[in-house]
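In UniProt numbering, the protein residues as written are 1 to 948.
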């Protein structure tokens, strides 16, 4: 294709016209298939799994061998030893949480489990009335955890093409190798705003790469394509050139029609789909540890039988008509019985060592090892007193994951089990996570946990290099067979009349694909973004994909989902320069930075898409003032929902309404605050700025969770203790430091290494706190505060929301810093804490997702920044600093020196706290902010109390 080709020049716009069907399609990289051909031809068989650990010593003594040094991760317990080339999971590993959420957690390091909502997410496009989110979607609900990774997108051809009118095109591309493309044109159901029939093209592009491009494009989005009024007219050439310009059109030939061709394509697409799993089970007696010892245990002990009966049913093999996993169900040559289980539509057959044939004169027990040694996942059952397990004792190229189960008090009414996992280092972490120090009672819940762990283990192992290479070679042979045996001589029409006009300037002006974000585009529209990962204080390059059903963030390097939320759970958003903060569920938030290029505003495209597929609203930023008595004039619940606003009061005048949801208070995310902290922020800050999600038109609060007892409202209750025994603090006495786990969480969430006075979402310090000079002079560097003798930091309700009446409350967390990080080199409004994880090359661009070669990240000269927020409050309004002084301090590399409270409080600063000293709260749910009973009729009186 010519360098001046419109497809190449407008590759950046192309990907917004293409709607991906599933998550794996988002990561599809047609350019990678060209390099994959040479990699497959050069790759040698490498030693992986248990063999890599067991043969380490032999390979290290060979002078000419080039070995990779890997000492293991050093994690060990009484079930498991650390082993080279393996990674251990001994309990306490966390789920990855990239946003600001509730719950105590340490800084997340090392391998992390995928978020619970990401488990089972595959398809992003659903017909109207259907959704993936049948059950309530709550990120804190971990009781019903589905199977983690199932490629449901592989059913795309079966659902939308199979036995329906469509075209299949096969060819041998000079760069990509064998290629198979399926195209189908269909009429879109009319939407309420549609004035005429709309057509779309569904597309499947298969190469040797395992990730397949699957999705659709509206006919109106394809440039220079005259709209048609029938599904009979198929513009194959224009569709393929627009969606997959890497494919050589000239090499494609029309596939033969018939059932055999479609069945071959089904087999190719569903190659990786399976609901059948075979798992080895080895029996380790007390004092044993080696492979030979375990294989030579002739019979099972009572503890082992008890375990087998708890995880499945013992079945007679002869005549067994379900999944038999290679066992003989006719002549009993592989034993009389085995153990079988079903879980979430999956079938599991266990290869139990003691139920397989025993050979007395063969210490290797090959009749047993031929089954267990070829299983990817193996359960090692340990009796009490068994030695810790290590993969070094196993010799197998296929055994990549070992799940160690140790019995505690077996064969009793108090039987429990402990679980640890060791996996080959190429296998990613998989769930369900093992709680720290977990002791599982013998129960159905334990059996389901173990079965889920087994299924996820095998699915994760298939993502390792060894099995990916095997699957890729098989896929390549399938494609070659289609090209060789299922093609005709019919080529795609080149349509010469358009190429004759290719030099006219008029055509170049017309070449601009239209961005169609409306509800008719049900698939996922994608952008490249940089995610602010609050849990690890780093920036992560991601794909942001928004469909009519879900919003997902997929990490570019791993192609794994690191964040997902239903569109119906999105509450609102706010924008600043080139960044977007998304509020979801109960007010939790994530922040992404756009990676710009060209002459468009991608941020506005995301906002338009959000408006089309969600009922969310842009967040309003309000500056609230106090009346002469220091009252704000509204009531708020612990979850941030405003229940009452004083009619025509100052809060009402500022724009606050009943049903609104506070998501930020003085730049602090409400999702990270306890109720008492939220009350204290509203009471003690001189200038109160809030980010508010407005209610629905009926005045009903926007809610992203339908669970009646969502854990969001209870996670942080009681985290902080009072240690002053009811006595009032004297002037100059410091408040006790917050616990380290919560302190680190606040510092991570709100104080990454950025400037303390950034513009936009900058630090919202008050004038009294900015004057403090000794805010962080405590030895540990923790958050601290001093209180005067005249007043407590906050009032304690009679219901006991947060401790005794004389208790010292926790310090407030540091405010949100700016969206951009001024202490790092900026790229289009965002900056990197560290070097990018991956250097992008031209050949690594992802079709319909990654921008073209001409769209490398470069700054754009803007006349002014575009803000979507309805009310803009300048930093000078509540910091006492001018905008110029804020800009001048952007180069600062220090942390914010205040969290909104002065170390030395004066009566003039906190007169409103003294006035509300004897205030009564109505209940532990609704908080009456800064209102004093009996204030009705007084000048500037507060909100009146409700009659009981």
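From the three backbone atoms N, C-alpha and C, an ideal C-beta is built for every residue, glycine too.
Residue i, buried or exposed, once every other Cβ within 10 Å from all chains shown has been counted against 16
i: residue 470; result: exposed
i: residue 433; result: buried
i: residue 949; result: Residue coverage of the chain in this structure runs from 1 to 948, which leaves residue 949 outside it and unanswerable.
i: residue 484; result: exposed
i: residue 577; result: buried
i: residue 298; result: exposed
i: residue 235; result: buried
i: residue 345; result: exposed
i: residue 839; result: Note that residue 839 scores 41 on pLDDT, short of 50, meaning its location in the model is unreliable; the coordinates nonetheless yield the value given after this. Its Cβ having fewer than 16 others within 10 Å, residue 839 is exposed.
i: residue 615; result: exposed
i: residue 392; result: buried
i: residue 997; result: In the structure as shown, the chain starts at 1 and stops at 948, and residue 997 therefore has no counterpart that could be examined.
i: residue 385; result: exposed
Option in the options with minimal Cα separation from residue i
i: residue 649; options: 637, 334 and 628; result: 628
i: residue 251; options: 308, 405, 181 and 446; result: 181
i: residue 319; options: 328, 312, 313 and 311; result: 328
i: residue 241; options: 637, 697, 258 and 221; result: 221
i: residue 389; options: 465, 371 and 287; result: 287
i: residue 24; options: 526, 87, 102 and 448; result: 526
i: residue 673; options: 72, 611, 101 and 479; result: 101
i: residue 32; options: 711, 442, 206 and 154; result: 206
i: residue 438; options: 420, 554 and 347; result: 420
i: residue 126; options: 467, 145, 324 and 152; result: 152
i: residue 333; options: 323, 343, 27 and 359; result: 359
i: residue 641; options: 694, 524 and 706; result: 694
i: residue 253; options: 701, 489, 536 and 706; result: 489
i: residue 671; options: 371, 683, 711 and 656; result: 711
i: residue 377; options: 363, 367, 361 and 397; result: 397
i: residue 618; options: 676, 609 and 675; result: 609
Alpha-carbon to alpha-carbon, residue j and residue i
i: residue 592; j: residue 563; result: 12 Å
i: residue 208; j: residue 580; result: 37 Å
i: residue 685; j: residue 426; result: 51 Å
i: residue 474; j: residue 85; result: 27 Å
i: residue 633; j: residue 651; result: 6 Å
i: residue 19; j: residue 529; result: 17 Å
i: residue 231; j: residue 177; result: 31 Å
i: residue 585; j: residue 129; result: 21 Å
i: residue 403; j: residue 90; result: 10 Å
i: residue 557; j: residue 215; result: 22 Å
i: residue 549; j: residue 338; result: 43 Å
i: residue 380; j: residue 342; result: 20 Å
i: residue 932; j: residue 658; result: Bear in mind that a pLDDT of 42 at residue 932, under 50, signals an unreliable position, so the model cannot answer this.
i: residue 601; j: residue 278; result: 51 Å
i: residue 357; j: residue 75; result: 36 Å
i: residue 660; j: residue 407; result: 53 Å
i: residue 351; j: residue 405; result: 16 Å
i: residue 113; j: residue 96; result: 6 Å
i: residue 80; j: residue 317; result: 33 Å
i: residue 362; j: residue 72; result: 33 Å
i: residue 496; j: residue 479; result: Confidence in residue 496 is poor, its pLDDT being 41 and thus under 50, which makes the residue's placement unreliable; the coordinate value appears in the next sentence. For residue 496 and residue 479, the distance between alpha carbons rounds to 30 Å.
i: residue 688; j: residue 612; result: 32 Å
Close Cβ partners of residue i (< 7 Å) along its chain, the five nearest in sequence each way excluded
i: residue 411; result: 302, 303 and 306
i: residue 160; result: 184 and 202
i: residue 158; result: 266
i: residue 583; result: 571, 572, 573, 589, 619, 663 and 693
Same chain only: Cβ atoms within 6 Å of residue i, ignoring 5 sequence neighbours per side
i: residue 465; result: 426
i: residue 508; result: At residue 508 the pLDDT is 42, less than 50, meaning the model places this residue with poor confidence; the figure from the coordinates comes in the next sentence. So the list is empty, once near-sequence residues are dropped.
Contact set for residue i: own chain, Cβ-Cβ below 8 Å, skip 5 residues either direction
i: residue 145; result: 116, 119, 431, 432 and 452
i: residue 456; result: 147, 148, 149, 430, 431 and 432
i: residue 272; result: 151, 154, 210, 462 and 471
i: residue 217; result: 17, 18, 19, 200, 201, 203, 239, 242 and 243
Within-8 Å CB hit, residue i to chain D
i: residue 139; result: Among the chains of the structure shown, chain D does not appear; only one protein chain is present.
Open item on the list: Going residue by residue through the segment 633 to 691, where are the continuous alpha helix (DSSP H) segments of at least 4 residues, counting only ones entirely within it?
Closed with: 650 to 654 and 675 to 684
TODO: Give, in chain order, every unbroken run of the beta strand (DSSP E) that is at least 3 residues long and sits entirely within the segment 298 to 351.
DONE: List check, beta strand (DSSP E) in window: 313 to 316 and 337 to 343.
Task: Whole alpha helix (DSSP H) elements within the segment 198 to 251, 4-residue minimum - done: 236 to 243
Task: Minimum length 3: unbroken beta strand (DSSP E) runs contained in the segment 413 to 452 - done: 416 to 424
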